[in-house]
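Residue numbers (my numbering), protein chains in the order written: chain A, -12 to 359; chain B, -12 to 359.
Note sheet for the following structure.
Protein chains: 2
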Amino acid sequence: MTWIVTPDHLDALEIGAGILGTGGGGNPYLGKLIARKYVEEGAEIAIVDPGDVPNDAVVASVGGMGSPTVSIERLRRADESVNALRALERHIGKQVTHLVPSEIGGSNSTTPMVVAAQCGLPVIDGDGMGRAFPELQMETFAMYGVTPTPAALCNHHGHIAIFDNIADATTLERYARAVTIQMGGSAGYAFPVMTGAQVKETAIPGTMSLAIRLGEAVLAARRDTSNPVEAICRVTGGVSLFAGKVVDVERRMTGGFARGVVSLEGFADHAGQTLRVDFQNENLIARDGSGAVLAVVPDLIFLVDSDTGAPLTTEVLRYGLRATAIGIPAPAELRPEVGLRFVGPAAFGYDDVAYKPLPGSYANREAGTRSS
Amino acid sequence: MTWIVTPDHLDALEIGAGILGTGGGGNPYLGKLIARKYVEEGAEIAIVDPGDVPNDAVVASVGGMGSPTVSIERLRRADESVNALRALERHIGKQVTHLVPSEIGGSNSTTPMVVAAQCGLPVIDGDGMGRAFPELQMETFAMYGVTPTPAALCNHHGHIAIFDNIADATTLERYARAVTIQMGGSAGYAFPVMTGAQVKETAIPGTMSLAIRLGEAVLAARRDTSNPVEAICRVTGGVSLFAGKVVDVERRMTGGFARGVVSLEGFADHAGQTLRVDFQNENLIARDGSGAVLAVVPDLIFLVDSDTGAPLTTEVLRYGLRATAIGIPAPAELRPEVGLRFVGPAAFGYDDVAYKPLPGSYANREAGTRSS
């Protein structure tokens, strides 16, 4: 199925991608504004089901790399990712035929929309994370065997960096991160290049439509004043973990990442209880007052405004916010051993925390469902 | 004039380039061994006068980037710079016709010889520094207007990084340095790409033959047991600054550089006096016991073994070595305001030190001499 993006889809995507950003991933708002402008001016952004992509399609992932903390201080020009894509095309000597988001959570959901509008390319309904993660090797593309290079970065000055002949995404992550930091902490990227067949084998399908459906559910709950937390849990397969008030936020920038801890004191059912969520761009682990783990990466942990269902990213957290913490089971692709090696608790330095899956399944998918 | 490199030339180059490395630049020994092997196996390395290079020649500079401290711990494979050159050629879609050293001091004197032997390309008799410097923007190529990109890096794993559309060498330096550090502190490079006409306008001519002549003079002094320090000063236009014993070396690795200070206590004429030389990969400033500046960058400051004339690089300095400190006037290209902005004392953080030129001229060249 192929469908055309409307301005309403983009408004819903902003909310859904914000939630799937699990506290990080960058703010999709700016990308949405730019994509909306193109759509309102007549650009047609086609969303294509992975199953409808030809096996020999030339697919590239596009997005932005860097710290969310930087990206809200220095706005992108909006041509960084397009310029990275053009540099990548020149390098491979081929035209890209389809785009795919690498990260449906946060700003990398709307950036491919902007590139699609600028280049007239379709966007595949799927991504490489089903959420947001801070590092490149945390994409299912790399996890399931796609070579991460050639890869291109471009910043707001048009400075280009191309990486090639690197088999290992963790190594590319180190190189690209080092250049991104030198570029000012924010760059557009284009990589990896895949065939349509590889996308079908490695992407998490249906996540663009999921994010839009999720945003639509939140907007509907606001309109009919029903409970947005229930709407989010219904669409995503998530569970409410905790409701309370933000009482402390520790935040520091190290190595290009926003790291920290947010603490909440409970309301109502959780009165007298506390919640502590560690984050590294994204939320990683939620613990109760006794230190017991309520949810842990790769399962999705995020805070929303309890009244509106608006996602609360780590950079907007501050004392006094009323928030509900929600956990969503990770996509099935991230839960086997191969996935946990790259995105389990140990991958983030929590060697002493075992992965304890939340009950249920991502977006209520049936076990073993691979294609949308 | 074009001439063919002999094994004896390479032995002399090792010594001459070591001296012109002014304490840094990396050890030319390994590159010499590899180049010698190729020459002994029949490779012909042609050295071409800049004046004989066609104006439309496609010239690339090749060498190694990184910290000398790393390069003596982890030997290069010897194909890093060739692989960088091949990546650069693919990127520009043209074959390079000539190589030029960017830095005649240290290992970047012999690395172009290795690449020349491997690729069958001639090497231009000149370079971009007339000595060694730690950073890219300190090349005369960039200083006098050559665009620094496209540029390619390659490490021992064959990992490729290409930079493009960067007008400013200081920016390229930041990006390339960050990647080199992530590559393990050592990489081969190929850049900038120039026309033959640009080389004639921007290179410091005749420095390859100067380095070889300098090494030959030291070797001759050893053979006839004459004073090697006098031989060095005669060929280079240098002056002896101090003779003494190394009594202290402070050394630390920061940001990919070997920084530190070496202190000497005087012998003979300098008995009771002290010398203190600050270095950042290369020696930057020599001060006497009162703190008065005896010589300062971009003038060349280096230590040699007082008996043999062997250059003492900063990484081999240790307590007890008997050394003579020599100062050589900087090449004329580095002394005008445009040069001092990039390689004067302030460029290394010595904002309070004025450049006080040593008397005489680099290699006893007549004032205003630009072509060899």
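Idealized CB from N, CA, C, for every residue including glycine.
Source: prediction; values computed, not measured.
Beta-carbon spacing of residue i, residue j below 9 Å
i: B/PRO135; j: B/ALA154; result: yes
i: B/LEU201; j: B/LEU7; result: yes
i: A/ILE313; j: A/ILE199; result: no
i: A/GLY10; j: A/THR300; result: yes
i: B/GLU269; j: B/ALA30; result: no
i: B/ALA184; j: B/ASN42; result: yes
i: B/MET116; j: B/LEU321; result: yes
i: B/ALA282; j: B/SER293; result: no
i: A/PRO332; j: A/LEU287; result: no
i: A/VAL69; j: A/GLN105; result: yes
i: A/VAL110; j: A/ILE21; result: no
i: B/ILE91; j: B/ALA204; result: no
i: A/ILE149; j: A/ALA74; result: yes
i: A/ALA258; j: A/PHE229; result: no
i: B/ALA33; j: B/VAL(-8); result: yes
i: A/VAL248; j: A/VAL264; result: yes
i: B/SER54; j: B/SER173; result: yes
i: B/PHE329; j: B/GLN124; result: yes
i: A/GLY171; j: A/TYR349; result: no
i: B/GLY296; j: B/PRO192; result: no
i: A/TYR342; j: A/VAL303; result: no
i: A/GLY145; j: A/GLY93; result: no
i: B/SER89; j: B/VAL40; result: no
i: A/VAL233; j: A/TYR337; result: no
i: B/ALA334; j: B/LEU345; result: no
Residue i - DSSP class collapsed to helix/strand/coil
i: B/TYR349; result: helix
i: B/VAL35; result: strand
i: B/HIS85; result: strand
i: B/GLU269; result: strand
i: A/TYR337; result: coil
i: B/SER358; result: For B/SER358, the predicted model reports a pLDDT of 40, less than 50, meaning its position is unreliable and no value from the coordinates is stated.
i: A/TYR342; result: coil
i: B/THR136; result: coil
i: A/PRO121; result: coil
i: B/LEU62; result: coil
i: A/ARG77; result: helix
i: A/GLY247; result: strand
i: B/ALA(-1); result: helix
i: B/ASP294; result: coil
i: B/ASP43; result: coil
i: B/VAL57; result: helix
i: A/LEU262; result: strand
i: A/LEU321; result: helix
i: A/TYR371; result: This structure leaves residue 371 of chain A out entirely; chain A is present only between -12 and 359.
Whole-angstrom C-beta distance between residue j and residue i, which should lie under 8 Å
i: B/VAL35; j: B/THR(-11); result: 5 Å
i: B/ALA47; j: B/VAL180; result: 5 Å
i: B/LEU140; j: B/ALA165; result: Not really, about 11 Å apart at Cβ, beyond 8 Å.
i: A/ALA71; j: A/GLY175; result: 5 Å
i: B/PRO37; j: B/ALA190; result: 6 Å
i: A/ASN152; j: B/ILE147; result: 5 Å
i: B/LYS19; j: B/LEU0; result: 7 Å
Proximal residues of chain B, C-beta to C-beta of residue i below 7 Å
i: A/ARG64; result: Within chain B, no residue comes near A/ARG64; the closest Cβ sits about 14 Å away, beyond 7 Å.
i: A/GLN260; result: Here the premise fails: no neighbours, minimum Cβ distance about 44 Å.
i: A/ALA71; result: Within 7 Å Cβ-Cβ: nothing; A/ALA71 doesn't reach chain B, min ~11 Å.
i: A/ALA47; result: Here the premise fails: no neighbours, minimum Cβ distance about 17 Å.
Chain-ordered chain B contacts of residue i [CB-CB under 9 Å]
i: A/PHE266; result: Neighbours of A/PHE266 on chain B: none; closest Cβ ~25 Å, over 9 Å.
i: A/PHE150; result: HIS146, ILE147, ALA148, ILE149 and VAL166
i: A/ALA177; result: Result: empty, since nearest Cβ-Cβ is about 14 Å, beyond 9 Å.
i: A/ALA129; result: Here the premise fails: no neighbours, minimum Cβ distance about 15 Å.
i: A/ALA218; result: The premise fails here: A/ALA218 is roughly 44 Å from chain B at the closest Cβ pair, so nothing lies under 9 Å.
Listed by chain order, chain B residues near residue i by CB distance under 8 Å
i: A/ALA207; result: By Cβ distance, chain B contributes nothing, its closest Cβ being about 46 Å from A/ALA207, past 8 Å.
i: A/ALA103; result: The premise fails here: A/ALA103 is roughly 23 Å from chain B at the closest Cβ pair, so nothing lies under 8 Å.
Residue i: contacting residues in chain A (beta-carbon distance under 7 Å)
i: B/GLN169; result: ARG161, TYR162 and ALA165
i: B/ILE153; result: HIS146
beta-carbon residue i near the ligand NAD non-hydrogen atom, thresh 8 Å
i: A/ALA163; result: This structure simply doesn't include the ligand NAD, nor any ligand for that matter.
Contact with chain E by residue i, beta-carbon distance below 9 Å
i: B/THR158; result: Any reference to chain E falls outside this structure, whose protein chains are A and B.
- prompt: Between the stretch 190 to 199 of chain A and the stretch 253 to 263 of chain A, are three or more C-beta pairs nearer than 8 Å?
  reply: no
query: Is there contact here, the stretch 124 to 133 of chain A with the stretch 60 to 71 of chain A, by at least three beta-carbon pairs under 8 Å?
result: no
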